[in-house]
Amino acid sequence: MKIMVKHQRPEREQQPEKKFILRKSGDTNRQAVPAVPSPATTEPVCQDLKILRFACEVTEWARALHREGKRIGFVPTMGYLHAGHLSLVEEAQKNADVVCVSIFVNPTQFGPEEDFEQYPRNEEQDLQLCRAAGVDMVYLPRPDSMYASDASVYIFENKLQSGLCGARRPGHFRGVCTIVAKLFNIVQPDIAVFGQKDYQQVTIIRRMVRDLNFPVEIITAPTLREPDGLAMSSRNIYLSPEERQAALGLNRALMSLGTIGVGHPAAELLLEQMRSIITQHGLVEDYIAIVDPDTLKTVSNVQRGHVALIAAFCGKTRLIDNRIL
Ligand code: AMP
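Start counting the sequence shown at 142; every next residue gets the next number (this note's numbering).
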């Protein structure tokens, strides 16, 4: 896997060196949580990257920064970081004084038949990438401390989630909204950056923030791609060399739509065109759609600004991609 490591920004190097000393970890999360196995070693600590594992530590960190008038930028992730994630960090750094990345493979957004157990994880590599990118704090919640065992409150967006990935992955966006809301409450960011790569996700998060008055500005960052056009994804690691070639079909199908002029072509024709490219590449369609960018409703005639989205299986791996036309 090719990973672009961005070096620390020069202005950050001017800041006084932050020193973190080795300290024993303990559960400072005062929420009722199931017993957490006590760590055998001390928390990983480095000179320039703060690593926190407990919600109340993170909130204390955020409150202290807000008292100093600092703006907090936030990039929620499921880890196994790649250059796409790091481009979100860079965007957050442009819009905030300090940046927190969270790394948490959120069980509630995976269906029972999905890849929660197999989802790639590499904490050490993720921390190194965050360190090199000049991230200020990584929130690494312990898997068993995020949800109380009898948790019974969820956030369910009721319109935008009904099609596309929401239709194909029942419960997925309930899990996403709930974890993002929890993370916003814990991290208290002023801005949060999400990728256009997950177009439906960022659209739903914007709706949640609007409808529930979260005091967070949402920024959408463009999709970072490999040189041959494949959208970067943690799941690309699953692909065999042959599947990696076949996966190019998603971007090729989207690019085949070219520039949408004033003619407002029939969506059905463009969908057929994408479908045939997907099939030629040996991919199995999960859905192909062209939608209104705000309502996510499918359109009959395509205009500039509409969004084409594809989800397709490449072997067992489900990949998604999209393009704003
Ligand atoms: P994930 O770790 O897959 O949950 O993704 C965390 C964030 O990174 C989400 O906001 C994604 O949309 C974003 N992201 C994932 N892949 C890319 C990419 N290739 N380019 C830009 N952002 C991405």
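Heads up, the beta-carbon is just placed ideally off N, CA and C, and yes, glycines get one too. Here the structure is a predicted model, which is why all the values come from computation and not from measurement.
Any chance you could list the alpha helix (DSSP H) runs of at least 4 consecutive residues sitting entirely within the region 396-426, in chain order?
Counting only runs of 4 or more, we get 408-421.
In whole angstroms, what separates the C-alpha of residue 242 from that of residue 434?
Position 101 of the sequence shown, counted from the first residue, corresponds to residue 242. Position 293 of the sequence shown, counted from the first residue, corresponds to residue 434. Approximately 27 Å between the Cα atoms of the pair.
My understanding is that residue 402 touches residue 312, with C-beta atoms under 8 Å, so please give their C-beta distance in whole angstroms.
In the sequence shown, the residue the question calls residue 402 occupies position 261. In the sequence shown, the residue the question calls residue 312 occupies position 171. About 40 Å; that fails the 8 Å criterion.
Determine the extent of the beta strand (DSSP E) in which residue 280 is found, giving its start and end residues.
In the sequence shown, counting from the first residue as 1, residue 280 sits at position 139. Segment 278-280, the beta strand (DSSP E) holding residue 280.
My output table needs one value for residue 243: the three-state DSSP class, helix, strand or coil.
Looking up residue 243 in the sequence shown gives position 102. Strand, per DSSP.
Candidates 317, 396 and 190: which alpha carbon is nearest residue 418's?
Locating residue 418 in the sequence shown gives position 277, counting from the first residue. Answer by Cα proximity: 396.
How far does the alpha helix (DSSP H) with residue 350 in it extend, from its first residue to its last?
Counting from one through the sequence shown, the residue named residue 350 turns up at place 209. It spans 340-352 - the alpha helix (DSSP H) in which residue 350 sits, taken as one unbroken run.
Put residue 256 into one of helix, strand or coil per three-state DSSP.
Walking along the sequence shown from the start, residue 256 turns up at place 115. In the structure shown, residue 256 sits in coil (DSSP, three-state: anything other than H, G, I, E or B).
Suppose you measure from the CA of residue 306 to the CA of residue 369; what does that come to, to the nearest Å?
Residue mapping note: residue 306 aligns to position 165 of the sequence shown, counting from 1. Residue mapping note: residue 369 aligns to position 228 of the sequence shown, counting from 1. C-alpha separation (whole angstroms): 25 Å.
Which residue marks the beginning of the beta strand (DSSP E) containing residue 334, and which one marks its end?
For this step, residue 334 is matched to residue 193 along the sequence shown. Taken as a continuous stretch (DSSP letters only), the beta strand (DSSP E) holding residue 334 covers 332-336.
Evaluate residue 436 with the Cβ neighbour count: other Cβ atoms within 10 Å of its Cβ, from every protein chain shown; 16 or more gives buried, anything less gives exposed.
The residue you call residue 436 lines up with position 295 of the sequence shown. Classification of residue 436: exposed, given that the 10 Å Cβ count is below 16.
Helix or strand or just coil, what does DSSP make of residue 215?
Working through the sequence shown from its first residue, we reach residue 215 at position 74. In this structure, residue 215 counts as strand in the three-state DSSP scheme.
Go through its chain and collect everything with a Cβ distance to residue 262's Cβ below 7 Å, but skip five positions before and after it.
For the purposes of this step, residue 262 is taken as residue 121 along the sequence shown, with counting starting at 1. For residue 262, where only same-chain residues beyond five positions count, the Cβ hits under 7 Å are 220, 221 and 246.
Between 250, 349 and 212, which lies nearest to residue 235 when the distance is taken from Cα to Cα?
Position 94 of the sequence shown holds residue 235. Comparing Cα positions, the closest option is 212.
Closest to residue 299 by C-alpha separation, out of 286, 254, 345 and 323, would be which residue?
On the sequence shown, position 158 is the one that residue 299 refers to. The residue with the shortest Cα to Cα distance from residue 299 is 345.
Got a list of residues with beta-carbon closer than 6 Å to any non-hydrogen atom of ligand 1, in chain order?
Output, sorted by chain position: 218, 219, 225, 226, 228, 229, 335, 336, 338, 339, 362, 364, 365, 372, 373, 374 and 375.
Below 8 Å on the Cβ atoms is my guess for residue 328 versus residue 199; work out the distance and round it to an integer in Å.
To locate residue 328, count along the sequence shown from 1; it is residue 187. To locate residue 199, count along the sequence shown from 1; it is residue 58. About 6 Å separates the two Cβ atoms, so the contact holds.
Just reading off the alpha helix (DSSP H) that residue 291 is part of, what are its end residues?
Position 150 of the sequence shown holds residue 291. Here residue 291 belongs to no alpha helix (DSSP H), and DSSP marks it neither H nor E.
From the DSSP output, in three-state form, read off residue 432 for me.
Counting from 1 along the sequence shown, the entry for residue 432 is found at position 291. Residue 432 falls in the strand class under three-state DSSP.
Under a Cβ-count criterion, where at least 16 other Cβ atoms within 10 Å of its own Cβ denotes burial, should residue 319 be classed as buried or exposed?
In the sequence shown, residue 319 corresponds to position 178, counting from 1. Answer is buried; the Cβ neighbour count reaches 16.
Cα separation between residue 97 and residue 301?
The shown model of the chain, from 142 to 466, leaves out residue 97, and the question about it has no answer.
Beta strand (DSSP E) containing residue 458: first to last residue?
Mapped onto the sequence shown, residue 458 falls at position 317. Run containing residue 458: 458-465, per the beta strand (DSSP E) assignment.
How many whole angstroms separate the CB atoms of residue 361 and residue 341, which I take to be in contact at a CB cut-off of 8 Å?
Position 220 of the sequence shown, counted from the start, is the residue given in the question as residue 361. Position 200 of the sequence shown, counted from the start, is the residue given in the question as residue 341. Between residue 341 and residue 361 the Cβ distance is about 12 Å, and since that is not below 8 Å, they are no contact.
Report all residues from its chain with a CB closer than 6 Å to the CB of residue 465; omit the five preceding and five following residues, and keep chain order.
In the sequence shown, residue 465 corresponds to position 324, counting from 1. Same-chain partners within the cutoff: 448.
In three-state terms, what does DSSP make of residue 358?
Within the sequence shown, the letter at position 217 stands for residue 358. In this structure, residue 358 counts as strand in the three-state DSSP scheme.
In whole angstroms, what is the alpha-carbon distance linking residue 210 and residue 331?
For the purposes of this step, residue 210 is identified with residue 69 of the sequence shown, where counting begins at 1. For the purposes of this step, residue 331 is identified with residue 190 of the sequence shown, where counting begins at 1. Rounded to the nearest angstrom, the two C-alpha atoms are 11 Å apart.
Select from 422, 309 and 381 the residue whose C-alpha is nearest the C-alpha of residue 255.
By 1-based counting over the sequence shown, the position of residue 255 is 114. It is 309 whose Cα lies nearest to the Cα of residue 255.
Assign residue 282 to one of two classes, buried (16 or more other C-beta atoms within 10 Å of its C-beta) or exposed (fewer than that).
Numbered from its first residue, the sequence shown carries residue 282 at position 141. Result: buried.
Going by the beta-carbon positions, is the gap between residue 443 and residue 394 smaller than 8 Å?
Counted from its first residue, the sequence shown places residue 443 at position 302. Counted from its first residue, the sequence shown places residue 394 at position 253. No, the pair does not count as a contact, with Cβ atoms beyond the cut-off.
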